[in-house]
Ligand code: UT7
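Below you can see the structure in the form of structure tokens.
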């Protein structure tokens, strides 16, 4: 929506990716694919996969702890924890509650949001409203997913695309003119069937797409998602900039959801910007769903690609279908 949070800023970032690396060459041994196909069609060279004993809450906890430290705070300072995920450890308790316990953030309220790969943008938009009203002072928003747990590892259409990871941001009031200047969220539930992961209720048409041994795997119509993604990434960015009477030339860096390098290039073309203005780490991690923007943001900050006063665009799309963007004047 419009200029929802004029002086709420990102004051800390953190991330964590599992240690185990799975390369395209490893996947060549599992399904009929090739390093060449994966690299040219997606830009992905390798991805990280979590060990069995490292569920989403654990990697989310590590990323969250790092973001809190980066903000110069302690877990007791945190008033609200939102975890964006579509791969929760359990239906209940929420992953956010499990993270709250691990952190010892005893004063924090905690809940999950489900907006798939757009989850971080949804989460930070929701959290920033609480700070804007003065209801809360410090909020931790984490994007964390382990898609590896719900992949059909014999389906080359999906298993080569995803990886596991977690990224986090701490939000706090900042000086006027800095922080999240505007956000733009959207959803089109009528297109939901193009990317699905069944859980409690499994309709017949979803069963038909999957192996009977496991109906709870990810399925998608890749080319439909691709077309949607290029369109909404550009539109969501332009809408959020329009709300501020800014244009793409004012932007220092775009940090997009990392799903496919060709989607990023397509969106750059539509926006009329050079790909050099867009941060990408997809070659290292693949698509980490809700974690992808948060990990990319943390790495861009640590690499010195983002400095105080820079105008940053965070933009993503995902299951739902959903999309979202945030325009941020960096305040650190
Ligand atoms: O975060 C949101 C989640 N999803 C996405 O972001 C996915 C968005 N979509 C995409 O990234 C792309 O559509 C894909 C990477 C999934 C596919 O790329 P594409 O250029 O749209 O390829 P395609 O679907 O048109 O398939 C081309 C061919 C097909 O073979 P036929 O039917 O032409 O003989 C596929 O079976 O490539 C085949 N193929 C593969 N071949 C080797 C599909 N996956 C693979 C594979 N290795 N891993």
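Residue numbers (our numbering): 1078 to 1409. C-beta: ideal position from N, C-alpha, C; glycine also. Fair warning: this is a prediction, and the values are worked out from it, not measured in the lab.
Is it right to say residue i is buried, meaning 16 or more other beta carbons lie within 10 angstroms of its own, or is it exposed?
i, result
"residue 1393", "buried"
"residue 1096", "exposed"
"residue 1100", "exposed"
"residue 1280", "exposed"
"residue 1162", "buried"
"residue 1230", "exposed"
"residue 1082", "Bear in mind that the predicted position of residue 1082 carries a pLDDT of just 44, short of 50, making it too unreliable to give a figure here."
"residue 1084", "buried"
"residue 1337", "buried"
"residue 1113", "exposed"
"residue 1276", "exposed"
"residue 1282", "exposed"
"residue 1253", "exposed"
"residue 1093", "buried"
"residue 1106", "exposed"
"residue 1401", "buried"
"residue 1223", "buried"
"residue 1102", "exposed"
"residue 1117", "exposed"
"residue 1408", "buried"
"residue 1289", "exposed"
"residue 1147", "buried"
"residue 1168", "exposed"
"residue 1189", "buried"
"residue 1184", "exposed"
"residue 1356", "buried"
"residue 1120", "buried"
"residue 1171", "buried"
For residue i, which option in the options has the closest C-alpha, if you only look at C-alpha atoms?
i, options, result
"residue 1374", "1131, 1243, 1181", "1243"
"residue 1390", "1268, 1379, 1405, 1361", "1405"
"residue 1215", "1302, 1127, 1151, 1109", "1151"
"residue 1291", "1269, 1087, 1228, 1333", "1228"
"residue 1361", "1190, 1110, 1202, 1240", "1240"
"residue 1330", "1388, 1364, 1369", "1388"
"residue 1192", "1397, 1407, 1304, 1094", "1397"
"residue 1128", "1225, 1208, 1194", "1225"
"residue 1335", "1105, 1307, 1324", "1307"
"residue 1197", "1247, 1098, 1116", "1247"
"residue 1181", "1348, 1138, 1169", "1138"
"residue 1218", "1121, 1320, 1187", "1187"
"residue 1395", "1364, 1383, 1409", "1364"
"residue 1160", "1141, 1149, 1267", "1141"
"residue 1144", "1372, 1386, 1294", "1372"
"residue 1358", "1087, 1236, 1125", "1125"
"residue 1166", "1299, 1267, 1302, 1221", "1221"
"residue 1030", "1185, 1209, 1232", "Here the chain covers residues 1078 to 1409 and nothing more, so residue 1030 does not appear."
"residue 1333", "1368, 1284, 1278, 1206", "1368"
"residue 1347", "1309, 1272, 1403", "1309"
"residue 1300", "1355, 1234, 1266", "1234"
"residue 1267", "1120, 1286, 1399, 1352", "1399"
"residue 1403", "1327, 1318, 1110, 1386", "1318"
"residue 1250", "1237, 1209, 1278", "1209"
"residue 1109", "1194, 1237, 1320", "1237"
"residue 1149", "1091, 1349, 1286", "1091"
"residue 1265", "1274, 1305, 1286, 1382", "1305"
"residue 1350", "1370, 1324, 1383", "1324"
What do you reckon, is the C-beta of residue i under 8 Å from a heavy atom of the ligand ZN?
i, result
"residue 1163", "Here the bound small molecules are the ligand UT7; the ligand ZN is not part of this structure."
Worksheet item: In chain order, which continuous runs of the beta strand (DSSP E) of length 3 or greater are located wholly inside the segment 1328-1372?
Response: 1330-1333
Worksheet item: Whole beta strand (DSSP E) runs in the segment 1248-1298 with 3 or more residues, listed along the chain?
Response: 1256-1264
Item to complete: Kindly confirm or deny that the segment 1144-1156 and the segment 1258-1265 touch, where touching means at least three C-beta pairs closer than 8 Å.
Response: no
Worksheet item: For the segment 1133-1141 against the segment 1156-1176, are there 3 or more C-beta pairs whose distance is under 8 Å?
Response: yes
Worksheet item: Would you say the segment 1260-1275 touches the segment 1314-1332, given that touching needs at least three Cβ pairs under 8 Å?
Response: yes
Item to complete: Inspect the CB distances between the segment 1378-1387 and the segment 1185-1201 and report whether three or more fall short of 8 Å.
Response: no
Worksheet item: Taking the runs of the alpha helix (DSSP H) that are 4 residues or longer, which of them lie wholly in the segment 1139-1211?
Response: 1172-1180, 1196-1209
Practice prompt. Write down every uninterrupted run of the beta strand (DSSP E) in the segment 1081-1124 whose length is 3 residues or greater and which is fully enclosed by it, in chain order.
Written response: 1085-1093, 1098-1100
Worksheet item: How do the segment 1206-1223 and the segment 1339-1349 stand: do at least 3 beta-carbon pairs fall below 8 Å, yes or no?
Response: no
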